[in-house]
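Peer 1:
Chains as they are written, first to last, in the numbering used here: chain S, 5 to 137; chain P, 4 to 222.
Here it is in structure tokens:
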């Protein structure tokens, strides 16, 4: 995480410098915007990794040169065991896009089905009878 | 902000021996930020389009069309959106206390839970979208449309994509409230959902401030 925020903050500084140089040598609007906001992209990730690192009271095993492999064992977070919902989600999203070519009626139907897919996907683990995760 | 995953049962066992095992970055939150940085590049393309079109078309078309914009109205609408970020953050503070709903009456604002703050944020966001639709309707009646001229195209594409993002955020708020309603207890999982939705909302808010400055103030 430490390497991560240093890397991304460094990238942000690099992009900021390149943006200024590009502007000074008379670059056009697309390049200035793209380079400047690439700096924004790197700065956003860099800041968040730095902030997250600061919030953790301990040194992460990956930043500790004397750490053992076993130090990073333990719970990583919650991962879905399996789900069928991404399939209808992808299908209805595709239909919503195809509808722009075929006709608006298909997009309208697909957006309704898409909302159902999204709800099914995100509400899967909060069933009234709670599973044991 | 809660940016670590901790497991209450695991922490009891390992708290003394090795706190590293229960104290890690929250992968959902970090992943959301990485995704938002890619969203930033999406808006970078829209900004680049806006500035290039302005440079290519020359200032006349802009002078002619920006006169139609109702800046006081848009400024008021912007204020509502910016304030909705504040109410959203109060909702996050409640979520970090694991407080799903209010502990007092509706008028005791200091006792509000996540649900009340997010509902207020939703209403303010919906007000913003409604205001934007009203603004579009007014502009169309003044014959500035998506296909009327280059300014119309870039104006509706940039603000329209932003409006779609706000609408997506409104749906996300509804889903958060629904998830919390359906969950038996309010825990880390629910708090994380609330926090990442707030990240998105703040992002959309900041993008609007940039868009508002570019379109309404700098022109």
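All residues carry an ideal CB built from backbone N, CA and C; glycine is no exception.
#1: Could you have a look at residue 85/S and say whether DSSP puts it in helix, strand or coil?
#2: Can you find a CB in chain P that lies within less than 8 angstroms of the CB of residue 82/S?
#3: Would you list, in sequence order, the uninterrupted alpha helix (DSSP H) runs of no fewer than 4 residues that lie entirely inside the segment 124-187 of chain P?
#4: Can you name the residues of chain P whose CB is closer than 8 angstroms to the CB of residue 5/S?
#5: Is it buried or exposed, residue 111/P, if we count other Cβ atoms within 10 angstroms and call 16 or more buried?
#6: Using DSSP with H/G/I as helix, E/B as strand and the rest coil, what is residue 25/P?
#7: Assign residue 3/P to one of three DSSP states: helix, strand, or coil.
#8: State the start and end residues of the unbroken alpha helix (DSSP H) segment that holds residue 195/P.
#9: Note down, in chain order, every chain P residue with its Cβ under 8 angstroms from the Cβ of residue 72/S.
#10: I need the straight-line Cα distance from residue 82/S to residue 73/S, nearest angstrom please.
#11: Classify residue 61/S as helix, strand or coil using the three-state DSSP reduction.
#12: Are the C-beta atoms of residue 114/S and some chain P residue less than 8 angstroms apart?
#13: If residue 16/S and residue 50/S are in contact, beta carbons under 8 angstroms, what's the gap, nearest whole angstrom?
#14: Taking 6 angstroms as the limit between beta carbons, can you name the residues of its chain near residue 66/S, skipping five residues before and five after?
#15: What residue from 154/P, 125/P, 206/P and 42/P has the CA that sits closest to residue 174/P's CA?
Peer 2: By the coordinates alone:
#1: coil
#2: yes
#3: 153-185
#4: 28
#5: exposed
#6: The pLDDT assigned to residue 25/P is 44, lower than 50, so where the model puts this residue is not dependable; a value taken from the coordinates is nonetheless given after this. In the structure shown, residue 25/P sits in a helix (DSSP, three-state: H, G or I).
#7: With chain P represented from 4 up to 222, any question about residue 3/P goes unanswered, as that position is not in the structure.
#8: 191-215
#9: Within chain P, no residue comes near residue 72/S; the closest Cβ sits about 10 angstroms away, beyond 8 angstroms.
#10: 21 angstroms
#11: coil
#12: no
#13: 6 angstroms
#14: none
#15: 125/P
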